[in-house]
Amino acid sequence: MTQLSTTSHAGLDLSRYRPVRIGSAPVLAQADAQGGWRLVSQEPLGAYPDRITDCLVRGAERHPERTLAAQRGPDGAWLRISYREMLAQARAVGQALLDRGLSEERPLMILSGNDLPHLQLALGALYAGIPYCPVSPAASAAIDREGDYAKLAHFVRHLTPGMVYATDGAACAAALAAAVPDGVEIVTVHGDAGRACTPLASLLAAVPGSVDAANAASGPDTIAKFLFTSGSTKLPKAVVTTQRMLCANQQMLLQTFPAFGEKPPVLLDWLPWSHTFGGSHNVGIALYNGGSYYIDDGKPTARDFAVTVRNLKEIAPTVFFNVPKGWELLTAALEADPDLCRHFFSQMELFFFAGAGLSQAAWDALEKVSERHCGQRIRIMAGLGMTETAPSCTFTTGPVMMAGYVGLPAPGCEVKLAPVEGKYEARFRGPHVMPGYWRAPEATAAAFDEEGYYCSGDAVRFVDPARPEVGLMFDGRIAEDFKLSTGTFVSVGPLRARVISAGAPYIQDVVVAGINRDSIGLLVFPRMDQCLALSGLGAGADAAAILSSPTVRSHFRQLLAELNTRATGSASRIERLMLLEEAPSVAAGEQTDKGSINQRVVLARRAALVEALYAGTGDTVLTAG
């Protein structure tokens, strides 16, 4: 067997970057007899707690008055909860849940987004050893594409919750009436839910009794929470997330980024807690390392990003997470506001992006603004992870810094590259990997291979096949790839990344079409604000007028030509594209809350547009010359 090892930072020039301690353990890469590879960090995973709430207890003992979590109140002032206060609240809530008989079979379901009551309930459930399930607000805030609350009703039927929480009862009233049986207790803070509700204050007023014993009786195998998958091809599955998974993954993070343990991390973050990255990864970083988490009520949209900017002028994070669109908006804001720059960079140590790949153009722009305004660049980190792995498996700690690089395995994570349909599928094994899907034995069995590795469906390739120890590049989703009618195989992930990068700043995302057709076509979600500026039309112009304007059509026709100059054949040549007036819909499942596009859902939902694309009809269809 081939056997190679390296030190992660070898050959990487960090002289232009702000110093920050990042793990650099050697990685062993071995070729196996099946034509695949095994990669593993040579640094053993250190000890970690039995329960994530042990970190809350430890924080209440060591730094009781330090802010654990904060959110702006109605008057704009920050409402803060200290470690001491949060432990007291978690004990009270946990007792109230125990008194009601909640359990694995009757868990807590949380319908609201990121807010302090959500965190109080989640930590209370965790402390009592009772699973909870945070549900995307999109499932209850708007009717889904079937015209009812079918997805939420599926969640409720599958989990059989003993209690459902909604901060605003009125906002969720229709969803509660449609999907939650009358016998299930509803807890709210305010708003008329149209049925009898329990005020959250009554749970917070419960007197702790048996809850400490319940906490002590829970352990690594106790289910911490259920997180639903996106359900791109079937009904969403509930991923069982145990206490071991959460704690092991945070220890992996700490060993990968020792800086988290050198001073308490400060986060300002909007990423949704109904997803593993926002709720397990980011909240976990603050809690595990005695840090502070500030809830950002802003979003990476032209309308809501001003809220994030306002928050960043008051809170100086040590690490900042966002999706690519958020990084692009932030780069523009930093360029325009020197005061924001000074405050934002004052404590900053690390940048992370998630949800989708950051284009090389956006990456370069972020580094330039960092260097120009603070004299140093900030390390931009990414990796590969998923709900089923709590979430992190690999990090970009190797000797490469570029878009698409997903790096090397974290300590404790075994990575297997299995040959599948001409690519390497990334498979994972370790204490951070789920035991299975809840109440879905067949789906669980299908998710693991014969050696017990979780089969992610993500494809990866080596940065340098001659030096596998350098690390991995993301190579798309195997399930998204397809064949043209000629039998030519199309690798969707790299093609999408190339189009988005080349089309910046006018493209938000693209979906690749062409299954069983003669050629590749694109459905393009444009950045309408950028296209409006390009069109030269007035501010009141509608989407149809913007996208059919001569200057916009000319720009995208030129982009299509430029993309095809680098095409090597029908697998990468784009014959046609359509500019879409309607943005991707979160409610319809086309896009997740954190911005990831669901290719299969878009193609299914917009099948008529795909037909129009290939028929060449419509003012926003462009074809290659």
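Mapped onto my numbering, the consecutive letters of the sequence shown carry residue numbers 12 to 636. Every residue gets a Cβ at the ideal spot worked out from N, C-alpha and C, and that includes glycine.
Segment contact, 8 angstroms Cβ cut-off, at least three pairs: the segment 261-280 with the segment 330-348: yes
On a Cα-Cα basis, can you pick out the residue from S530, V474, G396 that is closest to Y465? G396
Compute the Euclidean distance between the alpha carbons of A618 and T240, then round it to the nearest angstrom. 24 angstroms
Please give the ranges of any alpha helix (DSSP H) in the segment 514-598, keeping only runs that are unbroken, at least 4 residues long and fully inside the region. 539-546, 554-558, 561-576
Same chain only: Cβ atoms within 6 angstroms of I154, ignoring 5 sequence neighbours per side: At I154 the pLDDT is 48, less than 50, meaning the model places this residue with poor confidence; the figure from the coordinates comes in the next sentence. If we look at I154 and ignore the five residues flanking it on each side, it has no Cβ neighbours.
Within its chain, find whatever has a CB closer than 7 angstroms to the CB of L134; leave out the 5 residues flanking it on each side and keep chain order. T64, L67, M97, A101
Those residues which DSSP pairs with A470 across a bridge: E436
Output the boundary residues of the alpha helix (DSSP H) element that contains Q261. From DSSP, the alpha helix (DSSP H) with Q261 extends over 254-267.
Relative to the alpha-carbon of G46, which residue among V431, P410, R206 has its alpha-carbon at the smallest distance? V431
Spatial neighbours of T326 within its chain, please: CB distance less than 6 angstroms, with the 5 preceding and 5 following residues excluded, ordered by chain position. The displayed chain sequence assigns Ile, not Thr, to residue 326. Counting only Cβ-Cβ distances below 6 angstroms, and skipping sequence neighbours, we find L279, Y305.
Report the option in A550, H354, P283 whose CA atom is closest to the CA atom of G124. P283
Would you mind stating whether R528 and Y448 have Cβ atoms separated by less than 8 angstroms? No, the pair does not count as a contact, with Cβ atoms beyond the cut-off.
Residue burial classification, F500 (beta-carbon count within 10 angstroms, cutoff 16): By the 10 Å Cβ count, F500 comes out exposed.
Any chance you could list the beta strand (DSSP E) runs of at least 3 consecutive residues sitting entirely within the segment 175-258, in chain order? 196-201, 234-239, 249-253
Do A524 and G532 have their C-beta atoms within less than 8 angstroms of each other? yes
Start and end residues, beta strand (DSSP E) containing P430: 425-431
Considering only residues of the segment 47-71, which uninterrupted beta strand (DSSP E) runs meet the minimum length of 3 residues and lie entirely inside it, listed in chain order? 48-52
Measure the CB-CB distance between L558 and L590 and report whether it falls below 8 angstroms. yes
For the segment 385-401 against the segment 26-37, do three or more pairs of beta-carbon atoms, one drawn from each stretch, fall closer than 8 angstroms, so that the two count as touching? yes
Among A615, A103, G70, R62, nearest to S93 - alpha-carbon criterion: G70
Which listed residue (A149, G105, L119, L534) has its alpha carbon closest to that of R611: Nearest of A149, G105, L119, L534 to R611, Cα basis: L534.
Grab the span of the alpha helix (DSSP H) containing I296 for me, first residue to last. Residues 294-299.
Below 8 angstroms on the Cβ atoms is my guess for V198 versus M174; work out the distance and round it to an integer in Å. 6 angstroms
How far does the alpha helix (DSSP H) with L97 in it reach, from first residue to last? Before going further, note that residue 97 is Met rather than Leu in the sequence given. M97 -> alpha helix (DSSP H) spans 94-110.
Secondary structure of D155, DSSP reduced to three states: In this predicted model, D155 has a pLDDT of only 47, less than 50, meaning its place in the structure is not dependable; the value taken from the coordinates is given anyway. Residue state, collapsed to three classes: coil.
Could you pull the DSSP bridge partners for C144 from this structure? M120
State buried or exposed for D86, treating a residue as buried only when at least 16 other CB atoms are found within 10 Å of its CB. D86 is exposed by the Cβ-count criterion.
Give me the Cα-Cα distance between F362 and W338, rounded to the nearest whole angstrom. Rounded to the nearest angstrom, the two C-alpha atoms are 10 angstroms apart.
Are the beta-carbon atoms belonging to Q371 and A414 less than 8 angstroms from one another? yes
Which value, in whole angstroms, describes the spacing of the CA atoms of L56 and P420? Approximately 12 angstroms, taken between the alpha carbons.
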